[in-house]
Each structure stands twice: as structure tokens, then as C-alpha cells.
Amino acid sequence: MKIQLVAVGTKMPAWVETGFKEYQRRFPKDMPLELIEIPAGKRGKNADIKRILQLEGEKTLAAIPKGNRIVTLEVTGKPWDTHQLASNMQKWQLDGRDVSLLIGGPEGLAPECIAASEQKWSLSTLTLPHPLVRIIVAESLYRGWSLNNNHPYHRE
Numbered sequence: 000m001k002i003q004l005v006a007v008g009t010k011m012p013a014w015v016e017t018g019f020k021e022y023q024r025r026f027p028k029d030m031p032l033e034l035i036e037i038p039a040g041k042r043g044k045n046a047d048i049k050r051i052l053q054l055e056g057e058k059t060l061a062a063i064p065k066g067n068r069i070v071t072l073e074v075t076g077k078p079w080d081t082h083q084l085a086s087n088m089q090k091w092q093l094d095g096r097d098v099s100l101l102i103g104g105p106e107g108l109a110p111e112c113i114a115a116s117e118q119k120w121s122l123s124t125l126t127l128p129h130p131l132v133r134i135i136v137a138e139s140l141y142r143g144w145s146l147n148n149n150h151p152y153h154r155e
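In numbering that gives the first Met the number 0, the protein residues as written are 0 to 155.
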């Protein structure tokens, strides 16, 4: 199973790229973690946010291979503890499809992305900066994998 993280935003600060890549490289070859960045629409004083969100949504959905399970990262999603995430990851593997996790931009995800999702995952009731979410998701997924595989990274 391949896990694809589709995130709105490019040109992340070095600490974000370093943090994400640290966890990305730890994944086994049979469960690679891939990052696809979707360019954020230009936001200015008179920006049409609804239109920008729609375009970001179209580009996000176009980046997802047909048949992938779509999981959106949303404040209003369901909170998962580490064991619940690990359980979801096992179910995803048994399902036989690749997984695409979607992270929105400053205004979140387009309604079309939310409508296409099979699961909605909330990392926190706090609004988190979208660059930081990449690192948190990568670490959480790696921890879930380590729990499922009795790897020493996750200790009770």
C-alpha cells in the first residue's frame, strides 16, 4: 500500500521539509509515503477565496490516482488516538487500495474534496498551521506503522 499526502502549499520552510523527510525516509519500501504539493492560489486583498478554493480542490482531486481511498484532514473530523490510527492503517492495507490523505490550505479543503472523502480525520480541535500538519501526519503514520509491526519506535 502506498500512502500519498496531498497538501496545498509549496515552498515550505526548511524545518518543515527536514521534519517531513525525516519520517518519510523511515517508511518501509512496501508502504512508501509520498508527498504531492498543490500550488496555493494567490491570495490578495480582493481575492475570490471561493474560486481559489475551488481551483485548489480541482488540482488536489486531479492528483489522486483513480480508486484511492481519500482521507481528509479536518478540524471537524474524527479524532484518532495512536491505536485507532494503527487499526485504520491495518484496515486500509486489507482493503487493497492506496490511500490519499488531503491537507488543505489556509481556508481548509474545497467542498469537493470533503465530499470525495471516505474518512475525515482530526488531528486536534486546534487550528494547526498547514505546514506543521505535514510533519504531524508523517510522524503519526510512522508511529502507527511501528505499532502494527512491533517496531521499537512505539513504546507503550
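We put the CB at the ideal spot given by N, CA and C, even for glycine.
Exposed or buried, what is residue i when buried is set at 16 or more other beta-carbons lying within 10 Å of its beta-carbon?
i, result
"Ala39", "buried"
"Arg50", "exposed"
"Ala13", "exposed"
"Ala46", "exposed"
"Gln83", "exposed"
Can you name, in chain order, every residue of its own chain whose Cβ lies under 6 Å from the Cβ of residue i, other than the five neighbours on each side?
i, result
"Leu34", "Leu4"
"Pro31", "Lys1"
"Pro78", "Ser121"
"Tyr156", "For the chain, the structure presents residues 0 to 155; residue 156 sits outside this window and is missing."
"Ile26", "Checking the sequence, you will find Phe at residue 26 rather than Ile. Around Phe26: Leu32."
"Ile63", "Ser99"
Among the options, whose alpha-carbon lies nearest the alpha-carbon of residue i?
i, options, result
"Val15", "Ile134, Leu140, Gly107 and Tyr141", "Ile134"
"Thr9", "Ala109, Ile37 and Gln92", "Ile37"
"Gln92", "Asp29, Lys119, Gly76 and Glu111", "Asp29"
"Lys119", "Glu21, Ala62, Ala137 and Asn87", "Asn87"
"Lys65", "Arg96, Tyr22 and Arg25", "Arg96"
"Lys58", "Glu111, Ala137 and Pro128", "Glu111"
Output yes or no for whether 8 Å exceeds the beta carbon distance between residue i and residue j.
i, j, result
"Gly18", "Ala85", "no"
"Leu101", "Thr71", "yes"
"Val132", "Leu122", "yes"
"Asn148", "Val98", "no"
"Leu60", "Ala6", "no"
"Pro130", "Met11", "yes"
Closer than 8 Å by C-beta to residue i: which residues in its own chain qualify, once you throw out the five before and the five after it? Chain order, please.
i, result
"Lys81", "Strictly speaking, residue 81 in this sequence is Thr, with Lys absent from that position. Excluding residues within five positions, the ones whose Cβ falls inside 8 Å are Ser139, Arg142, Gly143, Leu146 and His153."
"Val136", "Leu4, Leu72, Leu100, Ile102 and Leu122"
"Gln89", "Asn147"
"Glu117", "Arg68, Ile69 and Val70"
"Arg42", "Ile48, Ile51 and Pro105"
Given residue i, which residues of its chain have a CB within under 7 Å of its CB, disregarding the five upstream and five downstream residues?
i, result
"Asp94", "Arg68"
"Thr126", "Val74"
"Glu55", "Val7, Ile37, Ala39, Gly40, Gly104 and Ala109"
"Glu106", "Ile48 and Leu52"
Give me the DSSP bridge partner(s) of residue i.
i, result
"Leu122", "None; Leu122 has no bridge partner."
"Leu34", "Leu4"
"Val70", "Leu100 and Gln118"
"Gly107", "Gly104"
Any heavy atom of the ligand ADP within a distance shorter than 7 Å of the CB on residue i?
i, result
"Asn67", "Among the components modelled here there is no ligand, and therefore nothing to report on the ligand ADP."
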